[in-house]
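Quick mapping for you: the protein sequence lines, in order, are chains A and B.
Its first residue numbered 1345, the first sequence is counted upward by one per residue in the numbering used here.
Its first residue numbered -1, the second sequence is counted upward by one per residue in the numbering used here.
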Amino acid sequence: MSRLNKFILPLGGFALLAVLLAVGLKQAPEKGIIKSPLVGKLAPAYSLPDLMQPGAVVASDDLKGKWHVVNVWGSWCFACRDEHPMLLAIQQEGVVPIVGIDWNDEEAAGREWLAKLGNPYARVAVDREGRTAIHYGVTAAPESFLINPQGVIVKKVTGVITPKIWRDEMLPLIRGVAGGGQ
Amino acid sequence: MSRGVVFAATLSLFLAGVAWAVDTTPPIPDPALQERYVTLTHELRCVQCQNEAIADSPVEIAAQLRREVRESLIAGQSDDEIRETMVSRYSEFILFKPRWSAKTALLWLAPALMLLVGAFIALRVVGRRRQLLETDDSVVDEDGDG
């Protein structure tokens, strides 16, 4: 009995530790990323100044009933520069419009950025004080939200949308509902 | 003597750094609200730097989160409502002190569990030693005389 204990107890302890460490290792790459509790919830409403048309307003209601992507960026954001070609490619594909939220940015700098690199956005809203970004639980730029016709956030991408993320994780969601037969 | 003064002055320079305030906004006029503001901003984690409270973080988003807390307090929200709003946007992660839930149960119970396991092992070891001592006291006596 005590012999068995001498063997079983350390083995059990070791197995438990191994499982704990394995789970920890598996989750390690996502450790710095805060999982958004907003996925599956209605996208927060916003009504913000239009970057491209002074005096106009970009509102969440403008895209009601449509699949679209809300992309949070800023001209100060280095990773956004890496993401930009992909956003232009998505625009070219024409599957979903992208609404840009120019976050904590100087409007002139934002406009200059789009003039230089191209404008992938259907609309660009200015969130000068970061209020809308806080409603969306934004922690850093770029962050993107895929929103369905019911206005529900179906996916959040923290960081750059890579071609792989777009192809494997975003398009299937859009096609799955919108495409029907595919 | 003067060396002591220099030493003290130098030391005070180092200590002064600790007292630098990040939050430069004027306090809320109502002292009760200000007190809750200070408590809440120390409870909420900066979402960008992640190991600082929003009260201590110099980054812009921390300042904006403080503004959010301040405005909610002035609008008459309770502490729990403010925490709840923050969690609904940024997840449980934003709270330095996670709330009790099925997900966090293990986290909260782990120290007690480990203490129990440790106590169990310790008691067993002590018990076995005592048993050995009681059965083999001839051996112990010999050792004692050495």
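Glycine residues also receive a C-beta, built at the ideal position from the N, C-alpha and C atoms.
Subject >> Every unbroken alpha helix (DSSP H) inside the region 1393 to 1470 of chain A [4 residues or more] >> reply: 1422 to 1437 and 1451 to 1461
Subject >> For A/ARG1472, the three-state DSSP class (helix, strand or coil) >> reply: Here residue 1472 of chain A refers to the residue found at position 128 of the first sequence. It is coil, neither helix nor strand.
Original post:
Excluding five sequence neighbours on each side, which residues of the same chain lie with their C-beta closer than 7 Å to the C-beta of A/MET1396?
Top reply: Walking along the first sequence from the start, residue 1396 of chain A turns up at place 52. The answer, listed in chain order, is VAL1468.
**OP:** Output the distance between the C-alpha atoms of B/ASP141 and B/ARG126, rounded to the nearest integer angstrom.
**Re:** Taking the second sequence and counting its residues from 1, the one referred to as residue 141 of chain B is at position 143. Taking the second sequence and counting its residues from 1, the one referred to as residue 126 of chain B is at position 128. Residue confidence for B/ASP141 is low, a pLDDT of 48 falling below 50, so the modelled location carries little weight; the figure read from the coordinates is stated next. Each residue's Cα considered, the two are about 19 Å apart.
**OP:** Name, in chain order, the residues that DSSP records as bridge partners for A/GLU1487.
**Re:** Residue mapping note: residue 1487 of chain A aligns to position 143 of the first sequence, counting from 1. Paired residue(s): A/VAL1416 and A/THR1502.
**OP:** Take the Cβ of A/PRO1354 as the centre, count every other Cβ of all protein chains shown within 10 Å, and call the residue buried at 16 or more, exposed below.
**Re:** Here residue 1354 of chain A refers to the residue found at position 10 when the first sequence is read from its first residue. Under this definition A/PRO1354 is an exposed residue.
Subject >> B/PRO96 (DSSP reduced to helix, strand or coil) >> reply: Sequence index remark: in the second sequence, residue 96 of chain B carries index 98 (1-based). B/PRO96: coil per DSSP, three-state reduction.
Subject >> Reference A/ASP1406, options A/ARG1472, A/ALA1466 and A/LEU1365, closest by Cα >> reply: In the first sequence, counting from the first residue as 1, residue 1406 of chain A sits at position 62. Nearest of A/ARG1472, A/ALA1466 and A/LEU1365 to A/ASP1406, Cα basis: A/ALA1466.
Original post:
Do A/GLY1384 and A/VAL1501 come within 8 Å of each other at the CB atom, strictly closer than that value?
Top reply: On the first sequence, position 157 is the one that residue 1501 of chain A refers to. On the first sequence, position 40 is the one that residue 1384 of chain A refers to. Their beta carbons are not under 8 Å apart, which means A/VAL1501 does not touch A/GLY1384 by this criterion.
Original post:
CB-CB under 8 Å to A/LEU1392, same chain, minus the five flanking residues each way: which ones, in chain order?
Top reply: Locating residue 1392 of chain A in the first sequence gives position 48, where the first residue counts as 1. The residues are VAL1401, VAL1402, ALA1403, ILE1445, ALA1469, VAL1470, ASP1471 and THR1476.
Original post:
Using 8 Å as the threshold, is the region 1482 to 1495 of chain A in touch with the region 1451 to 1461 of chain A, meaning 3 or more CB pairs across them?
Top reply: no
Original post:
At a CB-CB cut-off below 8 Å, which residues of chain A make contact with B/GLN46?
Top reply: By 1-based counting over the second sequence, the position of residue 46 of chain B is 48. Chain A residues near B/GLN46: THR1483 and ALA1484.
Original post:
Just how far apart, CA to CA, sit A/GLY1524 and A/ILE1509?
Top reply: On the first sequence, residue 1524 of chain A is found 180 positions in, with the first residue counted as 1. On the first sequence, residue 1509 of chain A is found 165 positions in, with the first residue counted as 1. Note on A/GLY1524: pLDDT 40, under 50, position unreliable in the model; the coordinate value appears next. Cα-Cα distance, rounded: 21 Å.
**OP:** Establish whether the CB of A/PRO1393 and some CB of chain B are separated by less than 8 Å.
**Re:** For the purposes of this step, residue 1393 of chain A is identified with residue 49 of the first sequence, where counting begins at 1. Chain B contact via Cβ: absent.
Original post:
In chain order, what residues of the region 1381 to 1412 of chain A put their CB closer than 9 Å to some CB of chain B?
Top reply: PRO1381, LEU1382, LYS1385 and PRO1388
Original post:
Checking contacts by CB at 8 Å: is A/ASN1448 closer than that to chain B?
Top reply: As a working mapping, residue 1448 of chain A is identified with position 104 in the first sequence. Answer yes: the Cβ-Cβ gap between A/ASN1448 and chain B drops below 8 Å somewhere.
Original post:
Residues in its own chain within less than 6 Å of B/ILE52 by CB, not counting five upstream and five downstream?
Top reply: The count along the second sequence starts at 1 and reaches residue 52 of chain B at position 54. Closer than 6 Å at Cβ, skipping near neighbours: THR39, LEU42, CYS44, ALA60, LEU63 and ARG64.
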